[in-house]
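Letter by letter, the sequence shown follows residues -7 to 313 of our numbering.
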Amino acid sequence: MEKVTGDTVREERHVAPAHYSMKIDSFSLLSEMVDNSYESREFEASGYKWKLVLYPNGDKSRNGDGYISLYLVMADTTGFPPGWEINAIFKFFVFDQLQDKYLTIGDGRLRRFSAIKNKWGLSQMLSLSIFNNASNGYLIGDSCVFGVEVFVIKNEGKGEHFSMINDPSGGTFTWEVQKFSELTEELYYSQVYLAGRHQWKLKLFPNGEMKQRGKHLSLYLGLNDCTKFHAGWKLFVEFTLRIRDQVGSHHHEKTLRSWFNASEKDWGMTSFISLTEIKNQSNNFIVNDTLIVEGVLNCLSVLKDFDGASLIRKEYTTLFL
């Protein structure tokens, strides 16, 4: 059962401490002999060297009289740069020898170890009245076991800032499809356009694709430079596909919102516009046997990477991991 005293969380578990255990025989003799505290030998955890510092009669300088006081200390800082800081979360253990389980004690807070303060812990970890009571199992035959787990939070300086941009520069692509009536291939591609730091192309099936063949014109927007992306990339795009009315302003257009990714590099519509509408001269879609197709990027996802402790930003209009 979890108990909370102030900010300290106390839980029970059967698994031993992952990083270090300290068994003490003749605890009463230790309490009588040491002037103040007992230091464990050095041990390594999370890539750093540490010590446990036990006050068997309590750390009286920090209001620990009547308690077991236990601290975690960085033992070896040789070679650390000036102004070093190590951030860690830790919890202490006391073994219940009767129940064969551990009482874990900690507050879950991130502690900053530094040259100025390299020791953190609990001055009132466990009251001596509870600890010395053999029915609680912590001190049996004048023997006890303490332990600790230490998890260092290493700042790799990596992160992401995801955002969206409206109307990216150069985001309108115009493609004049000439001699439309003479097109015989199933599929045609426009030139490659650069916008939002990506390469794009329009993909046209003049006589329709798949089940729409002979019924509708099929039109797609394609992302052309996918090989530069990281694995698992995604790119959100809101875009408009348009067939222009070359005389008036009654264009035929559709706006779509889609995530482009490694398996979906093209988005559009197989039944974008019927061939009957295209060929109707009153719609002015084909003038001088030329069809004008447009693609417009309305909104595009942007990811800014944070690199290093200084949070240097590198912009990518790319993946969303």
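Idealized CB from N, CA, C, for every residue including glycine.
Around the beta carbon of Ser210, a 10 Å sphere encloses 16 or more other beta carbons of the protein chains shown; the residue is thus reported as buried. Spanning the alpha carbons of Ala37 and Tyr63 requires a straight line of approximately 15 Å. Taking the Cα positions, Gly151 is about 8 Å away from Lys296. Using a 10 angstroms sphere on the CB of Leu44, the tally of other CB atoms reaches 16 or more, which defines it as buried.
In this structure Ser155 touches Val294 by the C-beta definition: roughly 5 Å separates them, less than 8 Å. Ser115 is positioned such that its CB atom lies closer than 8 Å to that of Asn55. Going by beta carbons, Met66 and Trp42 fall inside the 8 Å limit. Under the 10 Å beta carbon count, Ile145 is surrounded by fewer than 16 other beta carbons and is classified as exposed. Segment contact: the segment -2 to 5 against the segment 22 to 34, fewer than three CB-CB distances shorter than 8 Å; contact not assigned.
Listed in chain order, the non-local C-beta contacts of Gln91 below 7 Å within the same chain comprise Gly129, local neighbours out to five positions each way being set aside. A residue is called buried when at least 16 other Cβ atoms come within 10 angstroms of its Cβ; Arg234 meets this threshold and is buried. By the CB criterion at 8 Å, Asn253 and Lys226 fall inside the cutoff. Separation of the CB atoms of Lys52 and Glu141 is rounded to 27 Å, and the pair is thereby denied contact status at 8 Å. Only residues of its own chain outside the window of five on either side were considered, and among them Asp237, Gln238, Val239, Gly240 have a CB closer than 7 Å to the CB of Asn276, listed in chain order. Here Ala80 carries a strand assignment [DSSP, helix/strand/coil].
About 11 Å separates the beta carbon of Trp76 from that of Thr70, a gap too long to meet the 8 Å contact definition. With contact defined as three or more Cβ pairs closer than 8 Å, the segment 241 to 260 and the segment 161 to 175 are not in contact.
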